[in-house]
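Participant: Handing you this structure, nothing more for now.
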Amino acid sequence: MISVHYCYIVECADGSYYVGVAEDPQRRLEEHNAGKGAEWTARRLPAVMVWQEPHPSLGSARKRENQLKRWSHKKKAALIAGSLRLRSGQG
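Just so we're aligned: the sequence shown equals residues 1 to 91 in my numbering.
Next up, the structure:
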């Protein structure tokens, strides 16, 4: 069985972003919103999934997570905006 891991970004109620990795991003979002996720998101609920990217391995997803965590809020927002345009067929 092939396991897919996702690097994801959620936007918190205060407009901040949280970057993480999960095998099931929807379940992880539910955990965040139940206060069982990271301490960061638990203090800034609700959280909304705004971006996710599949990876063939946990190592690959973690590498991307570490890269994105070093990005500015503005750069993450541009990534999210670009992904939304592509998904809606505008890009």
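All residues carry an ideal CB built from backbone N, CA and C; glycine is no exception.
How would you call P54, buried or exposed, if buried means at least 16 neighbouring beta carbons within 10 angstroms?
Facilitator: Your numbering for residue 54 matches position 54 in the sequence shown. The residue is exposed, with fewer than 16 neighbouring Cβ atoms inside 10 Å.
Participant: Opposite I80 in the DSSP bridges: which residues?
Facilitator: Within the sequence shown, numbered from 1, the residue matching residue 80 stands at position 80. DSSP, once it has assigned bridges, lists no residue as partnering I80.
Participant: Where DSSP assigns a beta bridge to V48, which residues make up the other side?
Facilitator: In the sequence shown, residue 48 corresponds to position 48, counting from 1. The partner list for V48 (beta bridge, DSSP) reads E11.
Participant: Let me check understanding here. Comparing Cα to Cα, which of V50, A22, W51 lies closest to G37?
Facilitator: Looking up residue 37 in the sequence shown gives position 37. For the residues V50, A22, W51, the minimum Cα distance to G37 belongs to A22.
Participant: Look at S72 and H5 and say whether their C-beta atoms are less than 8 Å apart.
Facilitator: Counting from one through the sequence shown, the residue named residue 72 turns up at place 72. Counting from one through the sequence shown, the residue named residue 5 turns up at place 5. Contact: no.
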